[in-house]
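Have a look at the structure below before the remarks.
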Amino acid sequence: MNAALRAQQRYREDAILSASPERLVTMLYDRLLLDIERAETAQRAADWTEANTQLQHAQAIVAELSSSLTDDWSGSAGLRSLYVFLSQTLIGANIGRDPERTHACRELVVPLRDAWHAAALAVVEGRA
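So, in structure tokens, the structure goes:
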């Protein structure tokens, strides 16, 4: 790996390590959406290897989001159920090589991501 790539990777690692909890969640959602969009594009191009890579990474992010839920929060059970559904749909989209299922995952993630971004902003601005 050349010096520029190492520096870029180090910058990303530092950004993650120094991020607040709300920023970490928004970063995960942003990457989840990117992975899903890349997977759908790859599926439509019949690039099954790339689609598989992106969908597996998306599944890992969903697993991380699910594992970060605490039962102390009243909404955790509902969100955990949604994460289970999303994970199963991502797996089905991958196995079935189905860009429509992948697109459906995108449609599910966009409003969640937007809501988490709004919540994170409220925390930063002291409104939450």
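Using UniProt numbering, read the sequence shown as starting at 1 and increasing by one per residue. Heads up, the beta-carbon is just placed ideally off N, CA and C, and yes, glycines get one too. These figures come from a predicted structure and were not determined experimentally.
* Report the rounded CA-to-CA distance for A4 versus E22, giving the unit in angstroms. => The residue given as residue 4 occupies position 4 in the sequence shown. The residue given as residue 22 occupies position 22 in the sequence shown. A4 and E22: Cα-Cα distance of roughly 29 Å.
* What's the call for E107, buried or exposed, on a 16-neighbour Cβ count within 10 Å? -> Looking up residue 107 in the sequence shown gives position 107. Counting Cβ neighbours within 10 Å, E107 comes out exposed, since fewer than 16 surround it.
* Asked: Expressed to the nearest angstrom, what Euclidean distance is found between the alpha-carbon atoms of A119 and D35?
  -> Here residue 119 refers to the residue found at position 119 when the sequence shown is read from its first residue. Here residue 35 refers to the residue found at position 35 when the sequence shown is read from its first residue. If I take the Cα positions, the gap works out to 22 Å.
* Asked: Where does the unbroken alpha helix (DSSP H) through residue 134 begin, and where does it stop?
  -> Within the shown structure, residues of the chain are numbered from 1 to 128, placing residue 134 beyond reach of any answer.
* What's the gap between the Cα of G92 and the Cα of A77? -> The residue given as residue 92 occupies position 92 in the sequence shown. The residue given as residue 77 occupies position 77 in the sequence shown. Whole-angstrom Cα-Cα distance: 23 Å.
* Start-to-end residues for the alpha helix (DSSP H) that takes in E100 -> Here residue 100 is taken as the residue at index 100 of the sequence shown, counted from 1. Residues P99 to V124.
* Local Cβ density within 10 Å of A58, reported as buried at 16 or more and exposed below that -> Against the sequence shown, residue 58 aligns to sequence position 58. Buried.
* **Three-state secondary structure (DSSP) of S81** => One-based indexing of the sequence shown puts residue 81 at position 81. DSSP places S81 in helix when its eight states are reduced to three.
* Beta-carbon proximity list for A39, same chain, < 7 Å, skipping 5 on both sides -> In the sequence shown, counting from the first residue as 1, residue 39 sits at position 39. Counting only Cβ-Cβ distances below 7 Å, and skipping sequence neighbours, we find A51, Q54, L55, A58 and T102.
* **Reduced DSSP category for G92 - H, G, I as helix; E, B as strand; rest coil** => Locating residue 92 in the sequence shown gives position 92, where the first residue counts as 1. In the structure shown, G92 sits in a helix (DSSP, three-state: H, G or I).
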